[in-house]
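Inspection log for the structure reproduced underneath, given as structure tokens.
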Amino acid sequence: MKARLTADEYIQGIRNGDRVILAKAITVAESYLPADYGLMEQILDAILPQTGKSLRIGITGVPGVGKSTFIETFGNFLINHFRYKIAILTVDPSSQITHGSILGDKTRMEELSRNPNAFIRPSASGEALGGITHRTRESILLCEAAGFDVILVETVGIGQSETAVKNTVDAFLLLMLAGAGDELQGIKKGIIEMADLIAITKADGDNTKKARAAQLEYQHALHFLRADESGWRAKVLTCSAVSKTGIDTIWENLQQYLQVQHDTGHHTLKRQRQEVQWFHECLDSMVKRKLTEYSSLSELLADCEKQVREKSMSAPKAARIVLNEFFQQLKTN
Ligand code: GDP
């Protein structure tokens, strides 16, 4: 198949659930080429009516907590029990920082990767943190239009991308280890507060008791946190992806959470807010892109950067100067 397809070929392919075309479309969403922005816009506009019907779940936890093993078991559970089609999108900002990928450099989710009802897409390495929400949102919509029922968005859990992901999903599941201590796990309080559900992983063998103790400890600690807008309080569960226990309970609790969201109108509200936020993010990045397209501004931009770096000008003033010049040029062009 040729590398570049027409917008219609992408749209039809996605609607037909063609995985190869879906993968190519996600590549377009990840692209920095100006021509691809327009192409993605066309694709998204066309598929919008086919989107929104999936369940979007964010899954996070530090490296080693058992994310890929959990997703392998959880994904297979959903496919086998409900005949769902599952898409797994991984978001890994560490690839940009370490030039290697925490999520991508090992054989992950072996069984799922061979299952025709699962689609696994690691994020492109070198991805900028600011681009995460864009790409993730767009990838979610593309997967939905291709007929996926559940979208799992996996993040590394080291505190950078979780807020971004939280703003793109319906439910947020935090995986934690027993007995490792929050600090050791690099888990910030903010991430715990974001979770709608917490699961203590590896609750099997000798670790079962420790996992139960951690469950009680966290459940107790969460009592001191406020319930979310819908009145939901995060629950703490235990599971083992290896012995496949607790997986069904996690699913049941996710269902309960979603029921509360639906019943209180918060599901719709949250999605509407996320859409509007997406719009604002697009606006921000488009304005920024336009700014850099004006080559006549590049000198001023560089000069302002220098002055901010050397503390001879404050950042807000520098931004205003650039913006004023930008509008001036728009007027004269
Ligand atoms: P990730 O880095 O968060 O994706 O973690 P992995 O899924 O790669 O798991 C890290 C290690 O923990 C691997 O050696 C797994 O075999 C092990 N592991 C994952 N889940 C379980 C579990 O439920 N029970 C036990 N005993 N080990 C597990």
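Heads up, the sequence shown is in my numbering, so the first residue is 2 and it goes up one at a time. The beta-carbon is built from N, C-alpha and C at its ideal position, and this holds for glycine as well.
query: With respect to the alpha helix (DSSP H) encompassing residue 303, which residues constitute its N-terminal and C-terminal limits?
result: Numbered from its first residue, the sequence shown carries residue 303 at position 302. Segment 299-310, the alpha helix (DSSP H) holding residue 303.
Exercise answer, beta-carbon shell around the ligand GDP heavy atoms below 6 Å: With the criterion CB distance below 6 Å from any heavy atom of the ligand GDP, the matching residues run 62, 64, 65, 66, 67, 68, 69, 70, 202, 203, 205, 241, 242 and 243 along the chain.
message: Tell me whether the segment 272-281 and the segment 297-307 touch, counting them as touching only if at least three CB pairs, one residue from each stretch, are closer than 8 Å.
response: With a cut-off of 8 Å, the segment 297-307 and the segment 272-281 do not count as touching, because too few Cβ pairs lie within range.
- prompt: Using CA coordinates, which residue listed in 163, 67, 19 and 54 is at the minimum distance from residue 205?
  reply: Position 204 of the sequence shown holds residue 205. Cα-wise, what sits closest to residue 205 is 67.
task: Can you tell me the Cβ-Cβ gap for residue 12 and residue 23, rounded? I've got them flagged as a contact below 8 Å.
output: Counting from one through the sequence shown, the residue named residue 12 turns up at place 11. Counting from one through the sequence shown, the residue named residue 23 turns up at place 22. Wrong, their Cβ atoms sit about 11 Å apart, outside the cutoff.
field: residue 82 classed as buried or exposed, judged by whether at least 16 other C-beta atoms fall within 10 angstroms
entry: In the sequence shown, the residue the question calls residue 82 occupies position 81. With fewer than 16 other Cβ atoms within 10 Å, it is exposed.
- prompt: DSSP on residue 230, reduced to helix/strand/coil?
  reply: Here the question's residue 230 lines up with position 229 in the sequence shown. Note: residue 230 maps to coil in three-state DSSP.
message: Need the endpoints of the beta strand (DSSP E) that residue 172 sits in, please.
response: Position 171 of the sequence shown, counted from the first residue, corresponds to residue 172. Note, residue 172: beta strand (DSSP E), 172-177.
message: Taking a contact to mean a Cβ-Cβ separation below 9 Å, would you say residue 55 touches residue 145 in this structure?
response: Along the sequence shown, read from residue 1 onward, the residue named residue 55 stands at position 54. Along the sequence shown, read from residue 1 onward, the residue named residue 145 stands at position 144. Yes, the Cβ-Cβ distance between residue 55 and residue 145 is below 9 Å.
field: Strand pairing of residue 91, partner residues [DSSP]
entry: If you number the sequence shown from 1, residue 91 lands on position 90. According to DSSP, which records beta bridges pairwise, residue 91 is partnered with 123 and 155.
query: For residue 216, does the count of other Cβ atoms within 10 angstroms reach 16, so buried, or fall short, so exposed?
result: Your numbering for residue 216 matches position 215 in the sequence shown. Under this definition residue 216 is a buried residue.
query: Smallest Cα separation from residue 288: which of 76, 84 and 327?
result: Looking up residue 288 in the sequence shown gives position 287. If you compare the alpha carbons of 76, 84 and 327 with that of residue 288, the shortest gap goes to 327.
Limits of the unbroken beta strand (DSSP E) element including residue 198: In the sequence shown, counting from the first residue as 1, residue 198 sits at position 197. 198-201 is the extent of the beta strand (DSSP E) around residue 198.
Close-in-space but distant-in-sequence residues of the same chain around residue 172 (CB under 6 Å, 5 per side omitted): For the purposes of this step, residue 172 is taken as residue 171 along the sequence shown, with counting starting at 1. So the qualifying residues of the chain are 58, 197, 255 and 258.
query: Which class does residue 61 belong to by DSSP, given the choice of helix, strand or coil?
result: Residue 61 sits at position 60 when you count from the first residue of the sequence shown. Here residue 61 sits in strand by DSSP.
message: Since residue 123 and residue 93 should fall inside the 8 Å C-beta cutoff, what is the C-beta to C-beta distance between them, to a whole number of angstroms?
response: Looking up residue 123 in the sequence shown gives position 122. Looking up residue 93 in the sequence shown gives position 92. About 7 Å; that satisfies the 8 Å criterion.
- prompt: Taking just the CA atoms, how far does residue 164 sit from residue 234?
  reply: Indexing the sequence shown from 1 puts residue 234 at position 233. Indexing the sequence shown from 1 puts residue 164 at position 163. Each residue's Cα considered, the two are about 19 Å apart.
message: On the DSSP bridge list, what partners appear for residue 238?
response: Here residue 238 refers to the residue found at position 237 when the sequence shown is read from its first residue. Per DSSP, 200.
task: Counting only the same chain and skipping the five closest in sequence on each side, list residues whose C-beta sits under 6 Å from that of residue 314.
output: As a first step, residue 314 is located in the sequence shown; it is residue number 313 there, counting from the start. Cβ neighbours of residue 314 beyond the five flanking positions: 308.
Helix, strand or coil at residue 6 according to DSSP, with G and I counted as helix: Numbered from its first residue, the sequence shown carries residue 6 at position 5. Reduced to three states, the DSSP call for residue 6 is coil.
task: Verify the contact flag: residue 251, CB atom, against every heavy atom of the ligand FAD, threshold strictly below 8 Å.
output: The ligand FAD is not among the ligands present in this structure, which contains only the ligand GDP.
- request: To the nearest angstrom, report how far apart residue 346 and residue 46 are at their CA atoms.
  value: The structure shown has nothing for residue 346, since the chain only spans 2 to 334.
- prompt: Using DSSP with H/G/I as helix, E/B as strand and the rest coil, what is residue 246?
  reply: Counting from 1 along the sequence shown, the entry for residue 246 is found at position 245. If DSSP states are grouped into helix, strand and coil, residue 246 belongs with the strands.
field: Delimiting residues of the alpha helix (DSSP H) encompassing residue 71
entry: Translated into positions along the sequence shown, residue 71 becomes position 70. Where residue 71 is concerned, the enclosing alpha helix (DSSP H) stretches over 68-83.
query: Since residue 86 is in the alpha helix (DSSP H), which residue starts that stretch and which ends it?
result: The sequence position of residue 86 within the sequence shown is 85, counting from 1. First-last for residue 86: undefined, no H or E at that position.
- prompt: Around the Cβ of residue 333, are there at least 16 other Cβ atoms within 10 angstroms (buried) or fewer (exposed)?
  reply: Along the sequence shown, one-based indexing puts residue 333 at 332. Residue 333 is exposed by the Cβ-count criterion.
message: Helix, strand or coil for residue 217? Go by DSSP, reduced to three states.
response: As a position in the sequence shown, residue 217 is number 216, starting the count at 1. The answer is helix: DSSP assigns residue 217 an H, G or I state.
query: Any C-beta of chain C sitting closer than 9 Å to the C-beta of residue 246?
result: No chain C is present in this structure, which holds just one protein chain.
- prompt: So residue 119 packs on residue 87, CB below 8 Å; how close in whole Å?
  reply: Locating residue 119 in the sequence shown gives position 118, where the first residue counts as 1. Locating residue 87 in the sequence shown gives position 86, where the first residue counts as 1. The pair is a contact, with the Cβ atoms about 5 Å apart (cut-off 8 Å).
query: Between residue 200 and residue 226, which are expected to be in contact by the criterion C-beta below 8 Å, what is the C-beta distance as a whole number of angstroms?
result: To locate residue 200, count along the sequence shown from 1; it is residue 199. To locate residue 226, count along the sequence shown from 1; it is residue 225. Actually they are not in contact, since the Cβ atoms of residue 200 and residue 226 sit about 17 Å apart, beyond 8 Å.
task: Report the rounded CA-to-CA distance for residue 245 versus residue 252, giving the unit in angstroms.
output: Your numbering for residue 245 matches position 244 in the sequence shown. Your numbering for residue 252 matches position 251 in the sequence shown. For residue 245 and residue 252, the gap between their C-alpha atoms comes out near 13 Å.
query: Under the three-state reduction of DSSP, which class applies to residue 284: helix, strand or coil?
result: Walking along the sequence shown from the start, residue 284 turns up at place 283. Correct three-state label for residue 284: helix.
For residue 56, the residue or residues it bridges with in DSSP: On the sequence shown, residue 56 is found 55 positions in, with the first residue counted as 1. Paired residues: 151.
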